Amino acid sequence: MPDFRTINRICSERMKDKYSFVWRKATDNYRRETSTKYPAYIPTN
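Residue numbers for the sequence shown follow the working numbering, beginning at 24 and rising by one.
Shown next as structure tokens:
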């Protein structure tokens, strides 16, 4: 069983990838639509 630091590092890297992907999608949507509504991709937790 890997130690806590390894698990924490893997989880944080996965979260970073996930949120950077979400952020890219959101900013692309915001640039594409100049309306005032929120981007469709908002991280929930």
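Heads up, the beta-carbon is just placed ideally off N, CA and C, and yes, glycines get one too.
Note that this is a predicted model, so its numbers are computed, not measured.
| said: Quick check on DSSP: helix, strand or coil for Asp51? | reply: On the sequence shown, residue 51 is found 28 positions in, with the first residue counted as 1. Residue state, collapsed to three classes: helix.
Query raised in the report: Between the C-alpha atoms of Trp46 and Asp40, what's the straight-line distance to the nearest angstrom?
Result: Locating residue 46 in the sequence shown gives position 23, counting from the first residue. Locating residue 40 in the sequence shown gives position 17, counting from the first residue. Approximately 10 Å, taken between the alpha carbons.
task = From the DSSP output, in three-state form, read off Asp26 for me.
result = On the sequence shown, position 3 is the one that residue 26 refers to. If DSSP states are grouped into helix, strand and coil, Asp26 belongs with coil.
Nearest-angstrom Cα separation, counted from Thr50 out to Cys34: By one-based count along the sequence shown, residue 34 stands at place 11. By one-based count along the sequence shown, residue 50 stands at place 27. Those two C-alpha atoms are separated by around 24 Å.
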